[in-house]
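Participant:
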Amino acid sequence: MPKGYWIAHVDVRDPDVYETYRQANAVAFNKFGARFLVRGAAQDVREGTLNPRTVIIEFPSLEAAQACYDSPEYQAAKALRDPVSSGNMCIIEGYEG
20 MPKGYWIAHV
30 DVRDPDVYET
40 YRQANAVAFN
50 KFGARFLVRG
60 AAQDVREGTL
70 NPRTVIIEFP
80 SLEAAQACYD
90 SPEYQAAKAL
100 RDPVSSGNMC
110 IIEGYEG
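Quick note: the sequence shown, position 3, residue 22 per my numbering, numbers continuous.
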């Protein structure tokens, strides 16, 4: 079964409040087996434009990735993030070649 991924490009306007979101999202991420592959490391953007922070999270399956996002635990954490950040995020199925 292919894994599922969250890929997000985020602009954080208040790092202190964003840290509260990071602490709160751990509940949902633990529940759904999330594993961070990239979490805000320095970027070398070669084409186009991206927000300054990239996050890639791996889940055991696409279904787990979707369920995590829809969960009450994550939505509560997201409510903390929304006022202090903006960005783009997608949930995508991994490739099994």
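Here a beta-carbon is modelled for each residue, glycine too, at the ideal position from N, C-alpha and C. The model shown is predicted, which means the values in this text are computed figures rather than measured ones.
Go ahead and label residue 109 buried or exposed: buried means 16 or more other beta carbons lie within 10 angstroms of its beta carbon, across all protein chains shown.
Facilitator: Sequence index remark: in the sequence shown, residue 109 carries index 90 (1-based). Counting Cβ neighbours within 10 Å, residue 109 comes out exposed, since fewer than 16 surround it.
Participant: If you drop the 5 nearest sequence neighbours on each side, which residues of the same chain put their C-beta closer than 6 Å to that of residue 29?
Facilitator: On the sequence shown, residue 29 is found 10 positions in, with the first residue counted as 1. Counting only Cβ-Cβ distances below 6 Å, and skipping sequence neighbours, we find 70, 72, 104 and 106.
Participant: Following the continuous beta strand (DSSP E) through residue 112, name the residue where it begins and the one where it ends.
Facilitator: In the sequence shown, residue 112 corresponds to position 93, counting from 1. Here the beta strand (DSSP E) through residue 112 covers 104 to 112.
Participant: Who does residue 58 pair with in a DSSP beta bridge?
Facilitator: As a working note, residue 58 is residue 39 in the sequence shown. Answer by DSSP bridge pairing, in chain order: 74.
Participant: Need the endpoints of the beta strand (DSSP E) that residue 31 sits in, please.
Facilitator: In the sequence shown, the residue the question calls residue 31 occupies position 12. Start and end: 23 to 31.
Participant: Classify residue 49: buried if its beta carbon has 16 or more other beta carbons within 10 angstroms, exposed otherwise.
Facilitator: By 1-based counting over the sequence shown, the position of residue 49 is 30. It is exposed - the Cβ of residue 49 has fewer than 16 other Cβ atoms within 10 Å.
Participant: Under the three-state reduction of DSSP, which class applies to residue 34: helix, strand or coil?
Facilitator: For the purposes of this step, residue 34 is identified with residue 15 of the sequence shown, where counting begins at 1. Residue 34 falls in the helix class under three-state DSSP.
Participant: Compare the C-alpha of residue 93 against each of 40, 27, 115 and 116 and name the closest.
Facilitator: Here the question's residue 93 lines up with position 74 in the sequence shown. The residue with the shortest Cα to Cα distance from residue 93 is 40.
Participant: Where does residue 64 sit, in a helix, a strand or coil, going by DSSP?
Facilitator: Residue numbering aside, residue 64 sits at position 45 when the sequence shown is read from its first letter. In the structure shown, residue 64 sits in coil (DSSP, three-state: anything other than H, G, I, E or B).
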